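S.K.: This structure is in structure tokens; I'll ask about it shortly.
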């Protein structure tokens, strides 16, 4: 299977400035760059610190024609019947390009922002009911039904559903494996080194042999390896992190005296902070080699994050996608998307 790439839209406020609210035109520009560069999709994140993912996705439907839109919606935000109706509307206006990610409410403490104060066992039971209802309401051939659960009660649900393909559901690897096996087409893995990634894939495939996998990585690539690690060192300084073995300069670039590489988990895989995704650092050829390795583990889709986003998307399409095509991981494109 070909390796797919999505680019994550910068919708979330991570510095307290709500800067995402000032740049909707840039989201459209980025979405069009992703389509032009030949990537497969856009990842639209959601959460208490993000712009409304459903509203953003609806806007981008009008400005793109080919890329799929993976919309992340915390289950605490909407009732399952309301989410199903909204997602069906997105499917209609996007010509069936929507994928739905339901992030795990166990991760972080933002669920209280949406008014949920259930304990862990209650949350597990609630998400099970939520997925049961959502799956039934998104099924195109279903009939109306009643539901009487502990957390949700519905009467004559599904009366207004439309005959549209059900969008693939994506769940986090931190969710219960039985829920993933029963409801998800794809599982979002936390980025890490290849060995633990492979172990996690094997664990999840024991319950769901046909499960697909997606993983998120930051991207720092330059024309030379030296320049790539200089960019990593500069990023490290913006985070205010110093390697344990300090040196006169973070930009000293012989491998023996390169403290920035203290955070390298695997060749070209670098994680300066545990709460951030792993970065792929190197030349275009090195990045392509690491992506080929990740695909060999069973990962079918990579979510990429990089800044400046539009510039990096176009460089990725020009310098790395052709290498992956030559390796047989991508179909050759005859021309850029218009």
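Residue numbers (my numbering): 5 to 342.
Cβ coordinates follow ideal geometry from the N, Cα and C atoms, glycine included.
Every value quoted in this text rests on a predicted model; they were computed, and no experiment measured them.
#1: Taking C-alpha atoms, which residue in 212, 122 and 165 lies nearest to residue 137?
#2: In the stretch 174 to 200, which residue ranges form an unbroken beta strand (DSSP E) of at least 3 residues, counting only runs that do not cross its ends?
#3: Could you pull the start and end residues of the beta strand (DSSP E) that residue 287 belongs to?
#4: Could you check which residue in 56, 10, 52 and 147 has the C-alpha nearest to that of residue 39?
#5: Need the endpoints of the alpha helix (DSSP H) that residue 128 sits in, please.
#6: What first and last residue would you give for the alpha helix (DSSP H) that runs through residue 92?
#7: With 16 other CB atoms within 10 Å as the buried threshold, where does residue 91 fall?
#8: Using a 10 Å radius around the Cβ and a threshold of 16 neighbouring Cβ atoms, would you call residue 246 buried or exposed?
#9: So does the stretch 63 to 77 actually touch the stretch 43 to 53, counting three or more Cβ pairs closer than 8 Å?
#10: For my contact list, residue 37 and residue 318 are in at a C-beta cut-off of 8 Å; report their separation, rounded to the angstrom.
#11: Can the beta-carbon of residue 187 be found closer than 8 Å to that of residue 173?
#12: Can you tell me which of 270, 102, 126 and 196 puts its alpha carbon nearest to the alpha carbon of residue 109?
#13: Would a C-beta distance cut-off of 8 Å place residue 297 and residue 198 closer than the cut-off?
#14: Please name the residue, chosen from 130, 323 and 85, that lies closest to residue 148 on a Cα-to-Cα basis.
#15: For residue 177, is the classification buried or exposed, using 16 other Cβ atoms within 10 angstroms of its Cβ as the cut-off for buried?
#16: If residue 4 and residue 33 are in contact, beta carbons under 8 Å, what's the gap, nearest whole angstrom?
#17: For my contact list, residue 336 and residue 5 are in at a C-beta cut-off of 8 Å; report their separation, rounded to the angstrom.
#18: Can you grab the Cα-Cα spacing for the pair residue 78 / residue 120, in whole Å?
#19: Going by alpha carbons, who is nearest to residue 181 out of 302, 169 and 211?
#20: So the candidates are 262, 277 and 233; which of them puts its Cα closest to the Cα of residue 243?
#21: State the start and end residues of the unbroken beta strand (DSSP E) segment that holds residue 11.
#22: What does DSSP give as the partner residue(s) for residue 149 in the beta ladder?
#23: What's the gap between the Cα of residue 254 and the Cα of residue 55?
#24: Excluding five sequence neighbours on each side, which residues of the same chain lie with their C-beta closer than 7 Å to the C-beta of residue 170?
#25: How would you label residue 103, buried or exposed, when you count the other beta carbons within 10 angstroms and need 16 or more for buried?
#26: If distances are taken between C-alpha atoms only, which option among 200, 280 and 97 comes closest to residue 220?
#27: I'd like to check one pair, residue 306 with residue 7: are the Cβ atoms closer than 8 Å?
M.R.: In short, the structure shows the following:
#1: For the residues 212, 122 and 165, the minimum Cα distance to residue 137 belongs to 165.
#2: Here the runs fully enclosed are 190 to 193.
#3: Membership of residue 287 in any beta strand (DSSP E) is not indicated, and neither H nor E is assigned to it by DSSP.
#4: If we check each option's Cα against that of residue 39, 10 comes out closest.
#5: DSSP places residue 128 in the uninterrupted alpha helix (DSSP H) bounded by 124 to 142.
#6: 84 to 98 is the extent of the alpha helix (DSSP H) around residue 92.
#7: Counting other Cβ atoms within 10 Å of its Cβ, residue 91 reaches 16 or more and is therefore classed as buried.
#8: Counting of Cβ neighbours within 10 angstroms places residue 246 among the exposed residues, the total staying below 16.
#9: Yes, they touch.
#10: Contact between residue 37 and residue 318 holds: CB atoms are separated by about 6 Å, below the 8 Å threshold.
#11: Going by beta carbons, residue 187 and residue 173 fall inside the 8 Å limit.
#12: Here the closest residue by C-alpha is 126.
#13: Between residue 297 and residue 198, the gap from beta carbon to beta carbon is short of 8 Å.
#14: Closest by alpha carbon: 85.
#15: A residue is called buried once 16 or more other Cβ atoms fall within 10 Å of its Cβ, and residue 177 is buried on that count.
#16: This structure does not reach residue 4, given that the chain is present from 5 up to 342, and the question cannot be answered.
#17: Wrong, their Cβ atoms sit about 16 Å apart, outside the cutoff.
#18: The alpha-carbon atoms of residue 78 and residue 120 are separated by roughly 11 Å.
#19: Of the listed residues, the one whose Cα sits closest to residue 181 is 211.
#20: Answer by Cα proximity: 277.
#21: Residues 8 to 12.
#22: Per DSSP, 161.
#23: Residue confidence is low: residue 254 scores 44 on pLDDT, short of 50, so the model does not pin down where it sits. No coordinate-derived value is stated.
#24: The residues are 142, 143 and 144.
#25: Looking at its Cβ environment, which holds 16 or more other Cβ atoms inside 10 Å, residue 103 is buried.
#26: Check the Cα spacing between residue 220 and each of 200, 280 and 97: the tightest is with 280.
#27: Remark: C-beta atoms of residue 7 and residue 306 approach each other more closely than 8 Å.
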